[in-house]
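**Student:**
2 protein chains.
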Amino acid sequence: MDTARGAAQAERSANQVACLRALADADDAQTVGVISAETGLSRPTVHAVLDDLVEAGLVVPTDPSIVGPGRPARAFRFAREAGLVAGVDLGPRGVRAIICDLSGRRLGYTELKRDRPAEISSIQSAIHAAADESALDLGRLRAVGLALPGVVEANGHLRASLALPELVGLPIAETVSQHLGRPVAIDNDIKLAALAEQRGGAGRGYSDVVYLQIGHRLSVSIVLNGVIRQGRHRLAGELGAQRGMRWTRNADRGQLIWTSHPTGEAVLSAAAAGDADAQAEIDDFCAQIAGRIATVLLVVDPEIVVVRGGPAQDSAVLLRSLEAAVERELLFPERPPFVASALGREAVVLGAVGTAFDQFSTRIYGVHDYPSPWRRITHDLERTSK
Amino acid sequence: MDTARGAAQAERSANQVACLRALADADDAQTVGVISAETGLSRPTVHAVLDDLVEAGLVVPTDPSIVGPGRPARAFRFAREAGLVAGVDLGPRGVRAIICDLSGRRLGYTELKRDRPAEISSIQSAIHAAADESALDLGRLRAVGLALPGVVEANGHLRASLALPELVGLPIAETVSQHLGRPVAIDNDIKLAALAEQRGGAGRGYSDVVYLQIGHRLSVSIVLNGVIRQGRHRLAGELGAQRGMRWTRNADRGQLIWTSHPTGEAVLSAAAAGDADAQAEIDDFCAQIAGRIATVLLVVDPEIVVVRGGPAQDSAVLLRSLEAAVERELLFPERPPFVASALGREAVVLGAVGTAFDQFSTRIYGVHDYPSPWRRITHDLERTSK
DNA sequence: GTCTTTAATAAAGCCGGTTGCATAATAAGT
DNA sequence: ACTTATTATGCAACCGGCTTTATTAAAGAC
Chain X
0 MDTARGAAQA
10 ERSANQVACL
20 RALADADDAQ
30 TVGVISAETG
40 LSRPTVHAVL
50 DDLVEAGLVV
60 PTDPSIVGPG
70 RPARAFRFAR
80 EAGLVAGVDL
90 GPRGVRAIIC
100 DLSGRRLGYT
110 ELKRDRPAEI
120 SSIQSAIHAA
130 ADESALDLGR
140 LRAVGLALPG
150 VVEANGHLRA
160 SLALPELVGL
170 PIAETVSQHL
180 GRPVAIDNDI
190 KLAALAEQRG
200 GAGRGYSDVV
210 YLQIGHRLSV
220 SIVLNGVIRQ
230 GRHRLAGELG
240 AQRGMRWTRN
250 ADRGQLIWTS
260 HPTGEAVLSA
270 AAAGDADAQA
280 EIDDFCAQIA
290 GRIATVLLVV
300 DPEIVVVRGG
310 PAQDSAVLLR
320 SLEAAVEREL
330 LFPERPPFVA
340 SALGREAVVL
350 GAVGTAFDQF
360 STRIYGVHDY
370 PSPWRRITHD
380 LERTSK
Chain V
0 MDTARGAAQA
10 ERSANQVACL
20 RALADADDAQ
30 TVGVISAETG
40 LSRPTVHAVL
50 DDLVEAGLVV
60 PTDPSIVGPG
70 RPARAFRFAR
80 EAGLVAGVDL
90 GPRGVRAIIC
100 DLSGRRLGYT
110 ELKRDRPAEI
120 SSIQSAIHAA
130 ADESALDLGR
140 LRAVGLALPG
150 VVEANGHLRA
160 SLALPELVGL
170 PIAETVSQHL
180 GRPVAIDNDI
190 KLAALAEQRG
200 GAGRGYSDVV
210 YLQIGHRLSV
220 SIVLNGVIRQ
230 GRHRLAGELG
240 AQRGMRWTRN
250 ADRGQLIWTS
260 HPTGEAVLSA
270 AAAGDADAQA
280 EIDDFCAQIA
290 GRIATVLLVV
300 DPEIVVVRGG
310 PAQDSAVLLR
320 SLEAAVEREL
330 LFPERPPFVA
340 SALGREAVVL
350 GAVGTAFDQF
360 STRIYGVHDY
370 PSPWRRITHD
380 LERTSK
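Those protein sequence lines, which keep their order, are chains X and V.
First residue of the first sequence? That's 0 in numbering that gives the first Met the number 0, and the numbers climb one at a time after it.
First residue of the second sequence? That's 0 in numbering that gives the first Met the number 0, and the numbers climb one at a time after it.
Have a look at this one:
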């Protein structure tokens, strides 16, 4: 008895999404005729669907803005300002927050440094600060995404974290959610960065991506079929959890030691400028980590590897060295290309807000299966580098 | 303009599948009323759908076979004999073939040894032999699944194979398909074994399974979200493709060397009987391979690990030793359980026929998205051990 | 003020589903 | 052998969603 109703309503729902997408893709107002042509739906249907969407507040009628002869067409516009979604990246040294509208446009952004141990309240503070930047009304906030370093359980607790030990065991998602009265999606920072790169960064267009972050420690995260690989115990990619398996020998308590130049960045820059010692040190480093990377590649055989490490302009040195080192590990010539991260350090916070869109799509838009605006989320990157 | 038609027909199609499933699940004849109750569809709808299915030959009306008072209900039965699906496991020493009906029942089975190099024609021969066993009419054959050792490309060629070098580079799937006039699904043998174990073997009920075959060489295959992980170059799980990465030190050109007893099976049996030397040798072996297994576990973090190795009755010795060795490698206590393969050597051929059901479901049944009868395929295992 | 052009609305029909009711087919009772 | 109780069938009516077709409304152009 529910089947028929369900199927019929599903069809209407699908058409709502189709019309909303057509309206949101072209970001100025559109007439019913155009939407009808674009979606393949008949004019009366489009009209009925748009009425529903106007009712729901997702679409607003606009002035016809006529040009030619004939009766002016009623125009409609996606009400992208109807709701807000926030993303927060709570790291060991600071917090970043971003606020987007329903179309994924970046409306507010904040970056706060911190010396003291982190507190849960700094998450809400960052959201408020980002909202104040553009005088946004947080009453329209629909959902929040949160990125944390460490093993994040499905229930929103932080099971383990070397970077934020002060928050381990706390019900973080629950606390923030109760405080803000909004749903909170929470996940590991590297996993969210990988997702952002796959959806709209260097891995765009590929569904299977391995993301590699090379800093003072090495982190791996994997996106398969367009979704983050979590694993039964949320340990997928946690290669550091293997005993006695240090990635490199020149690491001392989580700090990489470089000899040719004081910092990793300096070594990269020098190698890029032609310094042979620096290049040799990088090649040696890559050779050390290549074995385990090769194993990861042979387990999942991804389409592409996105690498974040060192300053963006010098990443080519690291990439080529790593590529060569990995190639030496493999018996077959088939190997995914290694490309530099496109989103850099922003990837984490973009992944956070994006995953909120993904997980709470229905609550955010009020329709089922509306796709998240990853394209725009990741595209508005320039605004930050101002 | 196609949307409405499409949605409506999709609904009808879904209802066809629902009715067919209800009919196939209870494998004797069912009345319209029962199906209606089971599917939640109304009686007139069920009747219309069944008429379609009878038309398509998938369902046959049956004698009412009444019992109580009242007008006898028309009964219908799933026409499981309407089509056949074959699976073939072409190995280095022989070939196995199985033939199932539409419900996944095993109707024919054959096992042929071979000393000479393999030929493609032995695939068809095995199918014919299996059909002859039960006097089956291969005119009803709908699809074929084929398992091969080595790297199998998506187009049906064998890219690399240590076990069957004589077939490398040949368009195997295409040749068999043209010869039989039927679609042929082809894949790597270990991958298909993993799939069979996940769908109806020791990994039943789990969607993320790592399958480990421990013989003279070690093979890994991974099922994620219920589908075989293939990888961009079909190399997912091919850990042997990493240079210099021998799994164990007591291997000589692909042959494991045992000292306490002549064969691996003998070592396992002795250890099971309490032989300390044998147990020590097994523990040493497991310690050697545990590192790489741990890495695989940390990359994908599966729900369960299915292990095939040694004779079934002594597998507990190997499993416990392996479990302990892997546990020593991991920093976190979370670890998937290790269980013994339920399908044994049959897993490969069962996976072959099952993947044919999966891939050619529409052609086999004539309806969209009818689920493969994995349960019955893997359940009829006893018939072989006769 | 009328004509032309374009869009909105209304009406009718299709397809798939459901509910409700009269009817047919049987076993059991007399 | 006939009636009755019982059960499933088959038909009719209706709903929800979409489409097509025809009619009406609203603007600019002459």
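For every residue, glycine included, the Cβ atom is placed at its ideal position computed from N, Cα and C.
1) Residues of chain X with CB under 8 Å from D207(V), in chain order?
2) Can you name the residues that DSSP bridges to T109(V)?
3) Flag V295(V) as yes if its beta-carbon sits less than 7 Å from any beta-carbon of chain X, otherwise no.
4) Please list the terminal residues of the continuous alpha helix (DSSP H) segment that includes V66(V).
5) List, from N- to C-terminal side, the beta strand (DSSP E) runs of 3 residues or more that fit wholly inside the region 198-281 of chain V.
6) Just to confirm the assignment, what range does the beta strand (DSSP E) spanning F356(V) have?
7) Measure the alpha-carbon distance for S220(V) versus D282(V) and round it to whole angstroms.
8) Would you tell me roughly how many angstroms separate the C-alpha atoms of L169(X) and A159(X), rounded to the nearest one?
9) How far does the beta strand (DSSP E) with R158(V) in it reach, from first residue to last?
10) Counting only beta-carbon separations shorter than 7 Å, does D283(V) have a partner in chain X?
11) For A192(X), I'd like the list of residues in its chain whose CB is within less than 6 Å of its CB, leaving aside the five on either flank, ordered along the chain.
12) Write down every uninterrupted run of the beta strand (DSSP E) in the region 110-170 of chain V whose length is 3 residues or greater and which is fully enclosed by it, in chain order.
13) Suppose the cutoff is 6 Å on Cβ atoms and the five residues either side in sequence are ignored; what does the same chain contact list for L137(V) look like?
14) Buried or exposed, going by whether 16 or more other CB atoms sit within 10 Å of the CB of A36(X)?
15) Evaluate contact between the region 312-326 of chain X and the region 263-279 of chain X, counting only Cβ atoms and requiring at least three cross-stretch pairs below 8 Å.
16) Please return the same chain residues whose Cβ sits closer than 8 Å to the Cβ of E132(V), not counting the five positions on each side in sequence.
17) If you follow the beta strand (DSSP E) that V304(V) is in, where does it begin and where does it stop?
18) My output table needs one value for A78(V): the three-state DSSP class, helix, strand or coil.
19) Taking only beta-carbon positions, decide if E237(X) is within less than 7 Å of chain V.
20) Between P148(X) and A162(X), how many whole angstroms is the CB-CB distance? I'm expecting something under 8 Å.
21) Counting only the same chain and skipping the five closest in sequence on each side, list residues whose C-beta sits under 7 Å from that of R362(X).
22) At a CB-CB cut-off below 7 Å, which residues of chain V make contact with R374(X)?
23) Let me see if you follow: with CB-CB separation under 7 Å, is R242(X) close to chain V or not?
24) Under 7 Å between the Cβ atoms of R375(X) and S102(X)?
25) When the Cα of V325(X) is compared with those of A9(X), R344(X), A293(X), which residue comes out closest?
26) Whole-angstrom Cβ separation of G56(V) and A81(V), contact assumed at under 8 Å?
27) Measuring CB atoms only, is the region 295-312 of chain V touching the region 323-337 of chain V, in the sense that at least three cross pairs come out at less than 8 Å?
28) First and last residue of the beta strand (DSSP E) that includes D391(X)?
29) Between F331(V) and chain X, is there a C-beta pair that is closer than 7 Å?
30) Does DSSP put V31(V) in a helix, in a strand, or in coil?
31) Round the Cβ separation of F75(X) and L49(X) to the nearest angstrom and send it over; I've been treating them as touching at under 8 Å.
32) Quick one: using the 10 Å Cβ neighbour count with 16 as the cut-off for buried, is T377(V) buried or exposed?
33) Alpha carbon to alpha carbon, how far is V31(V) from T44(V)? Give it in angstroms, no decimals.
34) Considering only C-alpha positions, which residue in the set G39(V), V175(V), R73(V), A6(V) is nearest to Q123(V)?
35) When you compare only the Cα positions, how much space is there between V87(X) and C99(X)?
36) Helix or strand or just coil, what does DSSP make of V16(V)?
**Tutor:** On the basis of the data shown:
1) Close partners of D207(V) in chain X (Cβ separation under 8 Å): G230, R231.
2) Within the DSSP bridge table, the entry for T109(V) names A96(V) as partners.
3) With 7 Å as the cut-off, V295(V) counts as an interface residue toward chain X.
4) Looking at the DSSP string, V66(V) is not in any alpha helix (DSSP H), and its letter there is neither H nor E.
5) Along the region 198-281 of chain V, the beta strand (DSSP E) occurs as fully enclosed runs of 3 or more residues at 208-213, 217-223, listed in sequence order.
6) Premise fails: F356(V) lies in the alpha helix (DSSP H), 346-358, not in any beta strand (DSSP E).
7) Here the alpha carbons of D282(V) and S220(V) stand approximately 23 Å from one another.
8) Their Cα atoms are separated by approximately 10 Å.
9) Start and end: 157-159.
10) Judged by the 7 Å Cβ criterion, D283(V) is not in contact with chain X.
11) So the qualifying residues of the chain are A346, V347, G350.
12) Counting only unbroken stretches of 3 or more residues, the beta strand (DSSP E) elements lying wholly within the region 110-170 of chain V are 140-147, 157-159, in sequence order.
13) The answer, listed in chain order, is A130.
14) Classification for A36(X): exposed.
15) Segment contact: the region 312-326 of chain X against the region 263-279 of chain X, three or more CB-CB distances shorter than 8 Å; contact assigned.
16) Correct list, in chain order: G107, Y108, T109.
17) In the DSSP assignment, V304(V) falls within the beta strand (DSSP E) that extends over 303-308.
18) Three-state DSSP puts A78(V) in coil, outside helix and strand.
19) Yes - at least one Cβ of chain V is within 7 Å of the one on E237(X).
20) Indeed, because the Cβ distance is near 4 Å, the residues count as touching under 8 Å.
21) Sequence-distant partners of R362(X) (beyond 5 residues in either direction) whose C-beta falls short of 7 Å from its own C-beta, in its chain, are R141, A142, P182.
22) Counting only Cβ-Cβ distances below 7 Å, R374(X) has no contacts in chain V at all, with the closest Cβ about 23 Å away.
23) R242(X) counts as touching chain V.
24) It is a contact, given that the beta carbons lie within the stated cut-off.
25) Measuring from the Cα of V325(X), the nearest candidate turns out to be A293(X).
26) Yes, G56(V) and A81(V) are in contact; Cβ-Cβ is about 5 Å, under 8 Å.
27) The count of Cβ pairs closer than 8 Å, one atom from the region 295-312 of chain V and one from the region 323-337 of chain V, reaches three, so the stretches are in contact.
28) What is shown of chain X runs 0 to 385, which leaves residue 391(X) out entirely.
29) Chain X contact via Cβ: present.
30) It is helical.
31) That belief holds up - the Cβ atoms of F75(X) and L49(X) are roughly 6 Å apart, short of 8 Å.
32) Residue burial is scored here from C-beta neighbours: T377(V) has at least 16 other C-beta atoms within 10 angstroms and is therefore classed as buried.
33) Distance between the alpha carbons of T44(V) and V31(V): 10 Å.
34) Of the residues G39(V), V175(V), R73(V), A6(V), the one whose Cα lies closest to the Cα of Q123(V) is V175(V).
35) Distance between V87(X) and C99(X), taken at the CA atoms: about 12 Å.
36) Three-state result, V16(V): helix.
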